[in-house]
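Participant: This is the structure I want to talk about, given as structure tokens.
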Amino acid sequence: MVSTKDKSDQELIVKPSAYETCQPNMLCYDELYSSFDWQTAQNELDGLPGGGLNIAYEAVDRHVRAGRQDHVGLRWLAKSGARLDFTYGDLKCETDRFAALLVKLGLEPGDTVFSLLGRVPELYFAAFGALKAGAVFCPLFSAFGPEPVQSRMTIGKARVLVTTAQYYRRKVMPWREDLPSLRFVFIIDANDAPPEGTFDLADMLAGTASDFEIVKTQQDDPALLHFTSGTTGKPKGAVHVHEAVVAHLATARYALDLHPDDIYWCTADPGWVTGTSYGIVAPLASGVTMIVDEAEFEAKRWYDTLEREGVTVWYTAPTAIRMLMKAGADLAQGRDLSSLRFMASVGEPLNPDAVLWSQRVFGRPFHDNWWQTETGGIMIANYAAMDVKPGSMGKPLPGIEAAIVDHMEADGVSIIKTPMAVGELALRAGWPSMFRGYLGEKARYEACFNEGWYLSGDLAMRDADGYFWFVGRADDVIKSAGHLIGPFEVENALVDHPAVAEAAAIGIPDERAGEVVKAFVALKSGHEASEKLRREILGHARKRLGPAVAPRSIVFAEDLPKTRSGKIMRRLLKARELGLPEGDTSTLERMTA
Ligand code: ATP
Ligand code: MG
Numbered sequence: 000m001v002s003t004k005d006k007s008d009q010e011l012i013v014k015p016s017a018y019e020t021c022q023p024n025m026l027c028y029d030e031l032y033s034s035f036d037w038q039t040a041q042n043e044l045d046g047l048p049g050g051g052l053n054i055a056y057e058a059v060d061r062h063v064r065a066g067r068q069d070h071v072g073l074r075w076l077a078k079s080g081a082r083l084d085f086t087y088g089d090l091k092c093e094t095d096r097f098a099a100l101l102v103k104l105g106l107e108p109g110d111t112v113f114s115l116l117g118r119v120p121e122l123y124f125a126a127f128g129a130l131k132a133g134a135v136f137c138p139l140f141s142a143f144g145p146e147p148v149q150s151r152m153t154i155g156k157a158r159v160l161v162t163t164a165q166y167y168r169r170k171v172m173p174w175r176e177d178l179p180s181l182r183f184v185f186i187i188d189a190n191d192a193p194p195e196g197t198f199d200l201a202d203m204l205a206g207t208a209s210d211f212e213i214v215k216t217q218q219d220d221p222a223l224l225h226f227t228s229g230t231t232g233k234p235k236g237a238v239h240v241h242e243a244v245v246a247h248l249a250t251a252r253y254a255l256d257l258h259p260d261d262i263y264w265c266t267a268d269p270g271w272v273t274g275t276s277y278g279i280v281a282p283l284a285s286g287v288t289m290i291v292d293e294a295e296f297e298a299k300r301w302y303d304t305l306e307r308e309g310v311t312v313w314y315t316a317p318t319a320i321r322m323l324m325k326a327g328a329d330l331a332q333g334r335d336l337s338s339l340r341f342m343a344s345v346g347e348p349l350n351p352d353a354v355l356w357s358q359r360v361f362g363r364p365f366h367d368n369w370w371q372t373e374t375g376g377i378m379i380a381n382y383a384a385m386d387v388k389p390g391s392m393g394k395p396l397p398g399i400e401a402a403i404v405d406h407m408e409a410d411g412v413s414i415i416k417t418p419m420a421v422g423e424l425a426l427r428a429g430w431p432s433m434f435r436g437y438l439g440e441k442a443r444y445e446a447c448f449n450e451g452w453y454l455s456g457d458l459a460m461r462d463a464d465g466y467f468w469f470v471g472r473a474d475d476v477i478k479s480a481g482h483l484i485g486p487f488e489v490e491n492a493l494v495d496h497p498a499v500a501e502a503a504a505i506g507i508p509d510e511r512a513g514e515v516v517k518a519f520v521a522l523k524s525g526h527e528a529s530e531k532l533r534r535e536i537l538g539h540a541r542k543r544l545g546p547a548v549a550p551r552s553i554v555f556a557e558d559l560p561k562t563r564s565g566k567i568m569r570r571l572l573k574a575r576e577l578g579l580p581e582g583d584t585s586t587l588e589r590m591t592a
């Protein structure tokens, strides 16, 4: 299945912005790409005293040993407006105590510790505490209902859970007896009266020592369990190992350009891999001050946070950027956002429109990057010192070999060299943060690899300059009258219309063409749905895309169905359209969670 696309968007280029405060970590992409090797990257880390590798040691204790114990590692912004700082020294102390408690209770290395918490400090202490005790940590998104919580904790054979009294009563108590492996439930807000069968965490921690000797984990020992977003089907549990921290540190340095004095804000919840790899591990491994905001998205609060905290590096998602765009650039007017040095985005295609908008509003572009739960870390990115081609995901990280391949026609994998030819995005297996299994799904894991390549399931193109362009998930691609249509290119053209805030394109069966494109669009505030506007948007799309690719029909939607991590669930639109079963909807964002 190879087709070549003409990419007029490619002509757009945003030049790197000058830095006033420091130099980017990567000055020349080609030079670093050719000289980089993972062993040297690993040498940046200390390793455990006496041998071994542990993520928590590298992210917390290493900085204390180096004399940075008074540097703020975590700045917590409570929903209430309160603001609490935890230095690296504080973090060491809190995580040591949690680890000591686990060991005291007989937790074995490899046991799984789950959290079901909002973005509160205890989540971060539990994460590193569990890792220090040699356990596997799995953070669950707090808005999950009882079923998704139960299925994930069952797959992960949970032994310990850290949660609140309310979440426990609503989301765990009803099925607790079905999971005998769950030995300890710690309640963070028990106020002396934890629900029956649970423990008050503060009580349990009282008297635990704050000088814990980290369990001697090795680089291939499991450390993190993360469930995928469920955009294309039932979420899979991807297992990551301690060695992943090598990639977290290197990618934070080059793809996010983190410097130790940065004030860094990753807006993702740790329930998704971005919120763990780049919202817990990578920033602390880099020694920065990371902002954790307990509250949900609110445009004014976000601008206030950027300004008041002097955020220097900001990592967010296209859906949030679109919400900021929807809220209007007026909210950014008159503010001092000059601290912002680098802005990046992940999770979904970033429309060129959004890159140009940020250039206008912040004076800097968003840098799109691509990766997956399975890859554990950023794999393809736009870098601080490299031209940005809006709409492109950028180039592979140093240490990562990426290619566009065809593995459908023959048994093997053939690399497609033609520029802008569509094929599956593949990565040469073996980078440190590569997942080491889908829990309980061995065959599925093995099917992801062929001839030493990891096959991502995403379709993409590579241009003559080596930039990668996202086309769509293999499952979402539309085949119409011999054309291979990526939903992203259709959605880009629609979002480009001034009235359109968001768009989703799907293929629906058609006798003659095989499939035709149907689009769902949500309008920006201030625009009313009407037949006249529908035709205007259709005309706009036809002009941009040509009749073969443009949607055959467009319908207006109040909102598009999305995962809680903000990804448009095209499979759900399609199932609804065709009257088919909706499949797994555990990660669907519901307005009344
Ligand atoms: P599931 O595998 O359960 O269907 P998911 O693939 O959405 O869910 P994640 O691992 O959270 O789960 O998301 C990874 C996917 O997100 C990628 O495979 C890709 O389709 C999409 N993605 C991530 N970053 C980008 C990006 N910069 N541009 C386009 N797509 C992206
Ligand atoms: Mg996936």
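For the sequence shown, numbering that gives the first Met the number 0 gives the first residue as 0, with consecutive numbering after it.
In this text, a Cβ means the ideal position worked out from N, Cα and C, and glycines have one as well.
1) In terms of DSSP beta bridges, what is Gly506 paired with?
2) If you measure between the beta carbons of Ser141 and Gly117, is that distance less than 8 Å?
3) For Val272, which residues of its own chain have a beta-carbon under 6 Å away from its beta-carbon, when the five flanking residues on both sides are left out?
4) Whether or not the segment 429-441 and the segment 234-245 are in contact is what I'm after, with contact meaning three or more pairs of Cβ atoms, one per stretch, closer than 8 Å; do they touch?
5) Quick check on the burial criterion: 16 or more other C-beta atoms within 10 angstroms. Buried or exposed for Arg158?
6) Would you identify the three-state DSSP class for Met590, choosing helix, strand or coil?
7) Rounded to whole angstroms, what's the CA-CA distance from Tyr253 to Gly429? Just pull it up for me.
8) Since Trp370 and Val345 are thought to touch, with beta carbons under 8 Å apart, how far apart are those beta carbons, to the nearest angstrom?
9) Shorter than 7 Å, the distance from the beta carbon of Leu349 to the closest heavy atom of the ligand PLP, or not?
10) Nearer than 7 Å: is that true of the beta carbon of Thr273 relative to any heavy atom of the ligand MG?
11) Below 8 Å between beta carbons: does that hold for Tyr87 and Val63?
12) Where does Gln149 land, buried or exposed, given buried means 16+ other C-beta within 10 angstroms?
13) Does the ligand ATP have a heavy atom nearer than 7 Å to the CB of Arg321?
14) For Leu160 versus Val184, is the C-beta distance shorter than 8 Å?
15) Less than 7 Å between the CB of Asn42 and some heavy atom of the ligand ATP, yes or no?
16) Taking Val63 as part of the beta strand (DSSP E), name the residues at either end of that continuous run.
17) Rounding to the nearest angstrom, what Cα-Cα distance links Pro259 and Gly286 in this structure?
18) Return the chain-ordered ranges of every beta strand (DSSP E) run that is complete within the segment 63-122 and spans a minimum of 3 residues.
19) Closer than 8 Å is the cut-off here; do at least three beta carbon pairs connect the segment 539-550 with the segment 560-571?
20) Between the beta-carbon of Gly278 and the beta-carbon of Ala294, is there less than 8 Å?
21) Since I believe Arg575 is in contact with Asp475 (beta carbons under 8 Å), could you give me their beta-carbon distance rounded to a whole number of angstroms?
22) On the three-state DSSP scale, how would you describe Phe296?
23) Kindly identify the DSSP beta-bridge partner or partners of Ile617.
24) Where Asp188 and Ser79 are concerned, what is the direct C-alpha to C-alpha distance, given to the nearest angstrom?
25) Report the partner residues of Pro221 according to the DSSP bridge assignment.
26) Does the Cβ of Gly270 lie closer than 7 Å to at least one heavy atom of the ligand MG?
Facilitator: So, from the data block:
1) Position 507 of the sequence shown holds residue 506. Val516.
2) Taking the sequence shown and counting its residues from 1, the one referred to as residue 141 is at position 142. Taking the sequence shown and counting its residues from 1, the one referred to as residue 117 is at position 118. Their beta carbons are under 8 Å apart, which means Ser141 touches Gly117 by this criterion.
3) In the sequence shown, counting from the first residue as 1, residue 272 sits at position 273. Closer than 6 Å at the Cβ level, and outside the excluded window around Val272, lie His225 and Thr372.
4) yes
5) Numbered from its first residue, the sequence shown carries residue 158 at position 159. The residue is buried, with at least 16 neighbouring Cβ atoms inside 10 Å.
6) Against the sequence shown, residue 590 aligns to sequence position 591. Any reading at Met590 must be qualified, since the residue scores a pLDDT of 46, below 50, and its modelled position is unreliable; no value is offered.
7) Counted from its first residue, the sequence shown places residue 253 at position 254. Counted from its first residue, the sequence shown places residue 429 at position 430. Each residue's Cα considered, the two are about 19 Å apart.
8) The residue you call residue 370 lines up with position 371 of the sequence shown. The residue you call residue 345 lines up with position 346 of the sequence shown. The Cβ separation is near 7 Å, so the contact holds.
9) Because the ligand PLP does not appear in the structure shown, any question about it cannot be addressed here, the ligands present being the ligand ATP and the ligand MG.
10) The residue labelled residue 273 in the question sits at position 274 within the sequence shown. Flag unset: Cβ of Thr273 not near the ligand MG.
11) Mapped onto the sequence shown, residue 87 falls at position 88. Mapped onto the sequence shown, residue 63 falls at position 64. Yes; because the gap between Cβ atoms is below 8 Å, this pair is in contact.
12) Within the sequence shown, the letter at position 150 stands for residue 149. Buried, by the Cβ-count rule.
13) On the sequence shown, position 322 is the one that residue 321 refers to. No, the Cβ of Arg321 stays beyond 7 Å of every heavy atom of the ligand ATP.
14) Locating residue 160 in the sequence shown gives position 161, where the first residue counts as 1. Locating residue 184 in the sequence shown gives position 185, where the first residue counts as 1. Contact: yes.
15) In the sequence shown, the residue the question calls residue 42 occupies position 43. No, since every heavy atom of the ligand ATP falls outside the 7 Å radius drawn around the Cβ of Asn42.
16) Position 64 of the sequence shown, counted from the first residue, corresponds to residue 63. Where Val63 is concerned, there is no enclosing beta strand (DSSP E), although the alpha helix (DSSP H) it sits in stretches over Arg61 to Arg64.
17) Position 260 of the sequence shown, counted from the first residue, corresponds to residue 259. Position 287 of the sequence shown, counted from the first residue, corresponds to residue 286. In a straight line, the C-alpha of Pro259 is about 5 Å away from that of Gly286.
18) 71-76, 82-86 and 111-116
19) no
20) For the purposes of this step, residue 278 is taken as residue 279 along the sequence shown, with counting starting at 1. For the purposes of this step, residue 294 is taken as residue 295 along the sequence shown, with counting starting at 1. No, they are not a contact pair.
21) Along the sequence shown, read from residue 1 onward, the residue named residue 475 stands at position 476. Along the sequence shown, read from residue 1 onward, the residue named residue 575 stands at position 576. Wrong, their Cβ atoms sit about 15 Å apart, outside the cutoff.
22) Along the sequence shown, read from residue 1 onward, the residue named residue 296 stands at position 297. The answer is coil: DSSP assigns Phe296 none of H, G, I, E or B.
23) This structure cannot speak to residue 617, because the chain is shown only from 0 to 592.
24) For the purposes of this step, residue 188 is taken as residue 189 along the sequence shown, with counting starting at 1. For the purposes of this step, residue 79 is taken as residue 80 along the sequence shown, with counting starting at 1. Going from the Cα of Asp188 to the Cα of Ser79 covers about 16 Å.
25) Position 222 of the sequence shown, counted from the first residue, corresponds to residue 221. Answer by DSSP bridge pairing, in chain order: Val240.
26) Counting from 1 along the sequence shown, the entry for residue 270 is found at position 271. No - the ligand MG has no heavy atom lying nearer than 7 Å to the Cβ of Gly270.
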